[in-house]
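What the sequence shown shows, in the numbering used here, is residues 1 to 197, in sequence order. The structure appears right after this line, and notes come after that.
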Amino acid sequence: MTTQTITAPNQHRVCPWWVAYFFDNPLRRLIHPADKTLTPYVAKGMSVLDFGCGFGHYALGMARLIGESGTVYVADVQQKMLDKTMARATRAGLEKNIHPLLCASQGITVPAEVDFVLASNSIHETPDPAMALVELFGVLKPGGRFLLIEPRGHLKVEAFENEINQAITAGFVEVGRPALSRQMCVLFQKSVLKTTT
Ligand SMILES: C[S@@+](CC[C@H](N)C(=O)[O-])C[C@H]1O[C@@H](n2cnc3c(N)ncnc32)[C@H](O)[C@@H]1O
C-alpha cells in the first residue's frame, strides 16, 4: 500500500525505530492490552487515527475493534514504523483496513475526519506539541474523542499537564482520566457545541 504525507518531521527528538523492539513486546501486550484498553472508545465501523503509531501496538487492536467496515489511519514520521506496523497487520490479516500516512512538512492531512484519535507516547516527541494538538483537533469529527497517553516517569508530570492545557487551548474538553499502568492518560472530546461570544 502507498503512504501519504502528513506533518513536519523533526527527527531530533524522535524515538529511533529500533528502540520500539524494547517497549513493543509480549510483556506490553499483557500490561497494555490494546483491544481491552480501547474498547470503551472504538466501535465497529469507526474511522480512527493512531498518531505516532510506532510498531502498531494500538493500531492492530483498533483494527480488530472497528471490523471490516471501519478504517484505521496510522501516522508516523518514520517510514520504518509504518513498514513494521503494516507487516504486523498483514500477518494478523488486518492490513485491508489499515492505511499508512507518512509525516512530512504540510501539517496533518487525513483523507477524512475521524471518530477517534489516539496519541500514545508520541505528542512529547513532536517539534511543536501545541501545534500537533491543534492539528489533531482539526482531523476529529465534532463529538469525537481523543485519548492522550504519555509515559509516566519518562515525561515529567508538569510537561504532561502542559500538554493537557495545550489540548484545551486547541479546543478539546477533558472528559476523563483513564487508568493505565505506568502511563498518564487523559480522554478529551471535541465538543459538538459551538461557543458564542
Ligand atoms: C515512543 S513511540 C510510541 C509508538 C506507539 N504509539 C506506541 O505507543 O507504541 C513515538 C512514535 O511517535 C512518532 N513520532 C514522533 N514525532 C512525530 C510526528 N511529528 N508526527 C508523527 N509521528 C511522530 C515516532 O516516530 C514514534 O514512532
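Where a beta carbon is used, it is the ideal one built from N, C-alpha and C, also for glycine. This structure is a prediction, so every number in the text was calculated from the model and none was measured.
I need the DSSP call for R91, collapsed to helix, strand or coil. helix
Any contact of the stretch 110-117 with the stretch 80-90, i.e. 3+ C-beta pairs under 8 Å? no
Is S105 buried or exposed, if buried means 16 or more other CB atoms sit within 10 Å of its CB? Low confidence applies to S105: its pLDDT is 45, below 50, so where it sits in the model is not reliable enough to give any reading.
Mind checking which residues open and close the alpha helix (DSSP H) that includes G67? No alpha helix (DSSP H) holds G67; DSSP gives it neither H nor E.
Heavy atom of ligand 1 within 7 Å of A138 beta-carbon: Note that residue 138 corresponds to Gly in the displayed sequence, not to Ala. No; taking the cut-off as 7 Å, the Cβ of G138 has no heavy atom of ligand 1 nearer than that.
Extent of the continuous beta strand (DSSP E) to which M131 belongs: Counting along the chain, M131 falls outside any beta strand (DSSP E), though it belongs to the alpha helix (DSSP H) covering P129 to V139.
Do P142 and V173 come within 8 Å of each other at the CB atom, strictly closer than that value? no
Counting Cβ pairs, one atom from each stretch, are 3 or more of them under 8 Å apart for the stretch 73-86 and the stretch 165-185? no
Where the beta strand (DSSP E) containing F172 begins and where it ends: F172 to G176
What do you get for T37, buried or exposed, if any count of 16 or more other CB atoms within 10 angstroms of its CB means buried? buried
For P284, the first and last residue of its enclosing beta strand (DSSP E): This structure cannot settle anything about residue 284, because the visible part of the chain is limited to 1 through 197.
Would the stretch 120-127 and the stretch 94-101 be scored as touching if the rule is three or more Cβ pairs under 8 Å? no
Tell me whether the beta-carbon of L101 lies closer than 8 Å to the beta-carbon of Y73. yes
Taking 8 Å as the threshold, find out whether the stretch 59-72 comes into contact with the stretch 28-47 through three or more Cβ pairs. yes
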